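In our numbering, the protein residues as written are 5 to 167.
No residue lacks a Cβ here, since even glycine has one placed at the ideal position from N, Cα and C.
Predicted, not measured: the structure shown is a model, and the values here were computed from it.
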């Protein structure tokens, strides 16, 4: 699959909401518990510094997305944060890696100096391997920092990457 990334447009809304909600409903990666609808989704994707839409260059189908935004304000406003979502039936095809690599470039282009992940769940082994491969630095673990959908708590592992 040849995957390209483009800037979110309103025509991407239905697919973007569906993919985002798949991750929210899985309950094992995003902190959000409420799914997006079309109205809240459009506002959410538009308010980001950048929302990237991954699509299959051959079929035009949306296969993933990421959001990029400041992690904080003021004297820490140079640090950004991101979240990634890959369509459930398209996982395992390195789409996540394409999203993260694009995000690193876009963050730098937008003037951010550091990309920080606040809450990588310790059982998300694919993400942990990917972030290690791409040169992210692990910052330790926060015990029980993430409430899984089934009600148990897992550690979270913050990461950062200098842009």
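Three or more pairs of CB atoms, one per stretch, sit closer than 8 Å, so the stretch 113-131 contacts the stretch 31-46. For residue 110, the secondary structure class from DSSP, reduced to helix, strand or coil, is helix.
In the assembly as shown, residue 80 is an exposed residue. Its beta-carbon has fewer than 16 other beta-carbons within 10 Å. Of the candidates 71, 108 and 67, 67 places its Cα closest to the Cα of residue 93.
CA-to-CA, the gap between residue 13 and residue 126 works out to about 33 Å. DSSP places residue 87 in the strand class (E or B) of the three-state scheme.
Annotation: the continuous beta strand (DSSP E) that includes residue 60 extends over 54-60.
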